[in-house]
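Under our numbering, the first residue of the sequence shown carries the number 699, and numbering increases by one thereafter. Let me begin by presenting the structure, written as C-alpha cells, before commenting on it.
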Amino acid sequence: MADKPVRADKATAVAELTEQFRNSSATVLTEYRGLTVSEITELRRSLGNQTKYSVSKNTLAKRAASDAGIEGLDELFAGPTALAFVSGDPVEAAKGLRAFAKTHPVLVIKGGVFEGKAISAAEVGKIADLEPREVLLAKLAGAMKGNLTKAAGTFQAPLAQVARLAAALQDKRAQDGSAEA
Numbered sequence: 699m700a701d702k703p704v705r706a707d708k709a710t711a712v713a714e715l716t717e718q719f720r721n722s723s724a725t726v727l728t729e730y731r732g733l734t735v736s737e738i739t740e741l742r743r744s745l746g747n748q749t750k751y752s753v754s755k756n757t758l759a760k761r762a763a764s765d766a767g768i769e770g771l772d773e774l775f776a777g778p779t780a781l782a783f784v785s786g787d788p789v790e791a792a793k794g795l796r797a798f799a800k801t802h803p804v805l806v807i808k809g810g811v812f813e814g815k816a817i818s819a820a821e822v823g824k825i826a827d828l829e830p831r832e833v834l835l836a837k838l839a840g841a842m843k844g845n846l847t848k849a850a851g852t853f854q855a856p857l858a859q860v861a862r863l864a865a866a867l868q869d870k871r872a873q874d875g876s877a878e879a
C-alpha cells in the first residue's frame, strides 16, 4: 500500500478504529445496505452497551485493521460496511446480530475478527450457536461439583464399610453371648 499524505481527520479516524480493533474481544463486519436510520438505531439498541456498531469508510477501516495487525479482512471491505466492536461477550453480540438479520434480511454478516484472527460469516454463525459464557461456566461448575461429590463418596465408602462391619460383629457377639447364656 503506497503511503499517501493523510488528512488529519482521516488519521484521527484511523487511529480511533485501530484502537477499537485492538481493544475489542471480537469485531463483526456487516453490510447494512437497505437499512433505514431507524432500523440501524434499533440494531444499536438491541446490541446493548457492550457492542459499538458504527459505519465507516472501507479504506479507513482496512488501514485500521492492518495497523492493528489483523490480516485477511481485505476482501470483506466491499460495499457499505459497518463494524460491530464487541467489548463484552462475543456470543451475545453474534446472537443479537443474527437475530436482527433474521428479522431484517437486508443486514448481511460478512465475517469478522475473533481473538485477533479473521473469521468467515459461517464462523460468526458458529459463535452465535454457542451458549453464553455464564451458562458454560455454570455447567462447568456443576460438573466439577458432581465429580467432587463422587470423590467424597468414594473416600467415605471404606469408612462406612468398616463401621458396618464393626456393627455386624458387635451384633453377632451379642447374639452369640445371649445364645451361650
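Each residue gets a CB set at the ideal place from its N, CA and C atoms; glycine is no exception.
>> Whole angstroms are fine: how far does the CA of Leu828 sit from the CA of Ala855?
In response: 39 Å
>> Within a Cβ cutoff of 8 Å, which residues of the same chain sit near Thr823, ignoring the five residues on either side of it in sequence?
In response: Here residue 823 turns out to be Gly, not Thr, going by the sequence shown. Closer than 8 Å at Cβ, skipping near neighbours: Ala792, Arg796, Ile807.
> Could you give the C-beta distance for Thr779 and Asn756, rounded to a whole number, given that I count them as a contact under 8 Å?
Replying inline: 6 Å
> By DSSP, does Gln737 sit in helix, in strand, or in coil?
Replying inline: It should be noted that the sequence gives Glu, not Gln, for residue 737. In this structure, Glu737 counts as helix in the three-state DSSP scheme.
> Exposed or buried, which one is Ala861 when buried takes at least 16 other CB atoms within 10 Å?
Replying inline: exposed
>> Once the 5 residues before and after Leu771 are set aside, which same chain residues still bring their CB inside 6 Å of it?
In response: Counting only Cβ-Cβ distances below 6 Å, and skipping sequence neighbours, we find Ala763, Ala816.
> Does the distance from the CB of Thr725 to the CB of Ala782 come in under 9 Å?
Replying inline: yes
> Looking at the structure shown, is Val789 part of a helix, part of a strand, or coil, going by DSSP?
Replying inline: helix
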